[in-house]
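Numbering (the numbering used here), first residue to last: 5 to 175.
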């Protein structure tokens, strides 16, 4: 299987992507004109504007391909770890380190909406009103933790870039 994918994998992926794009384009251009006219008509408002099904294939195909890619990455990653555990040690340590950083950032994130600035509280209230959602403390903690994680990881990558650049000068 490895040899087959190594030899033909890119061509298969490109071919599958091309097939999906062609089918998607045919479904869009083959859609009834009334469905497409609703999208371009400025007088149509609200949910009626998005009632077309012309783009359903593209959305479902994208979701399906993402799921297939995710499953393949997990399966092939686990197969690689199982076949060479000692060679995969750096990757395992990196994944654990990433999880630890994300957990620490999530733990230090604020979950009390009332302690946020007035601008953030106004944004949360507007989101709750406009989207008819319930943006509570748990959601705030998840979003804040994710943003903190992203900032920390960007900072670490910049430090690594500088560090390896300096190391490369003296090597």
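Note that CB positions come from ideal geometry on N, CA and C, so glycine has one too.
Buried or exposed for residue 82, please, with buried defined as at least 16 other CB atoms from any protein chain shown within 10 angstroms of its CB.
Around the beta carbon of residue 82, a 10 Å sphere encloses fewer than 16 other beta carbons of the protein chains shown; the residue is thus reported as exposed.
For residue 141, which residues in the same chain have their Cβ closer than 7 Å to its Cβ, ignoring the five residues on either side in sequence?
Cβ contact annotation for residue 141 (same chain, cutoff 7 Å, sequence separation greater than five): 115, 116, 117, in chain order.
Return the CA-CA distance between residue 139 and residue 100, expressed in angstroms with no decimal places.
Our two residues, residue 139 and residue 100, have alpha carbons roughly 30 Å apart in a direct line.
Let's test the definition: count the other Cβ atoms within 10 Å of the Cβ of residue 144 and tell me whether it reaches 16, buried, or not, exposed.
Under this definition residue 144 is a buried residue.
Candidates 34, 129, 168, 96: which alpha carbon is nearest residue 61's?
Ranking the options by Cα distance to residue 61, first place goes to 34.
So, at 8 Å on beta carbons, what are the nonlocal neighbours of residue 156 in its own chain, with the 5 sequence-adjacent residues on each side left out?
Closer than 8 Å at the Cβ level, and outside the excluded window around residue 156, lie 105, 109.
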